Amino acid sequence: MKLLLDQNLSRRLLPDLEHFFPGSSQVQLLGLERASDLALWEFAKENGYTIVTKDVDFLELMLLRGFPPKIVWLNCGNVSSAAVRERLITRSGEIREFLASTEEGVLELE
1 MKLLLDQNLS RRLLPDLEHF FPGSSQVQLL GLERASDLAL WEFAKENGYT IVTKDVDFLE
61 LMLLRGFPPK IVWLNCGNVS SAAVRERLIT RSGEIREFLA STEEGVLELE
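Each residue of the sequence shown is one higher than the one before, counting from 1 in UniProt numbering.
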């Protein structure tokens, strides 16, 4: 149950998320900061990641291509990394349930 943080999310979140989502990473750390959304989608699919993003483009890709990969959509506007960290940690149980589900492809966190 590893997460792939999109370019718009700080890699500094990873140490705090490691306990909840081991093996998670961030786009820039993987050398994918210039990759297209479709390339990131394929990378996540091939490597067992769930994409965490504020970007609605990944939702559109999921509608066209289905899942995996799954998407955790942070629909919370322009908030601080601390606020993102808090959402992901306090809702980690809900996120893990979503990741275990075979019927849902997107989880929206407001």
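We put the beta carbon where it would ideally sit given N, CA and C, even for glycine. Since the structure is predicted, the reported quantities are computational estimates derived from the model, not experimental observations.
Three or more C-beta pairs closer than 8 Å, one from the segment 51-64 and one from the segment 31-38: is that the case here?
yes
Just how far apart, CA to CA, sit LYS2 and ILE51?
9 Å
Contact between the segment 67-80 and the segment 17-26 is defined here as three or more beta-carbon pairs at a separation below 8 Å; is this criterion met?
no
Just the C-alpha distance for residue 113 and GLY48, rounded to the nearest angstrom, thanks.
The structure shown does not extend to residue 113, since the chain spans only 1 to 110, so no value can be given for it.
Is the separation between the beta-carbon of ARG85 and that of LEU109 shorter than 9 Å?
no
If you draw a straight line from the C-alpha of ARG12 to the C-alpha of GLY93, how long is it?
21 Å
In chain order, what are the residue ranges of uninterrupted beta strand (DSSP E) at least 3 long that sit wholly in the segment 40-78?
49-53 and 71-74
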